[in-house]
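Data block below; observations after.
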Amino acid sequence: MYLGIVDFWVFLAYVLCIGASALCVVYGLVNWNRNGSEITPEDVAWAKEEDKLSEDL
27 MYLGIVDFWV
37 FLAYVLCIGA
47 SALCVVYGLV
57 NWNRNGSEIT
67 PEDVAWAKEE
77 DKLSEDL
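Residue numbers (the working numbering): 27 to 83.
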């Protein structure tokens with residue numbers, strides 16, 4: 027009985043949840059300032075067309 031948890035599988039579930047959370051935090055910190063894809067002129071044209079279409083509705 028560790029920390030009041032009798033079953034090994036329940037303990038394992040807690041450990042895996044904490045481990046997954048730690049892994050997500052580390053992944054987020056590593057990729058925090060990583061640049062995404064560059065904005066292309068096609069992206070700008072698409073956004074303008076979408077704005078125009080939404081205004082027409």
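Note that the Cβ used here is the ideal one computed from N, Cα and C, for glycine as well.
Does the distance from the C-beta atom of residue i to that of residue j stay below 9 Å?
i     : j     : result
LEU29 : PHE37 : yes
Helix, strand or coil for residue i per DSSP?
i     : result
ILE31 : strand
GLY54 : helix
Can you tell me where the alpha helix (DSSP H) holding residue i begins and where it ends?
i     : result
LEU79 : 67-82
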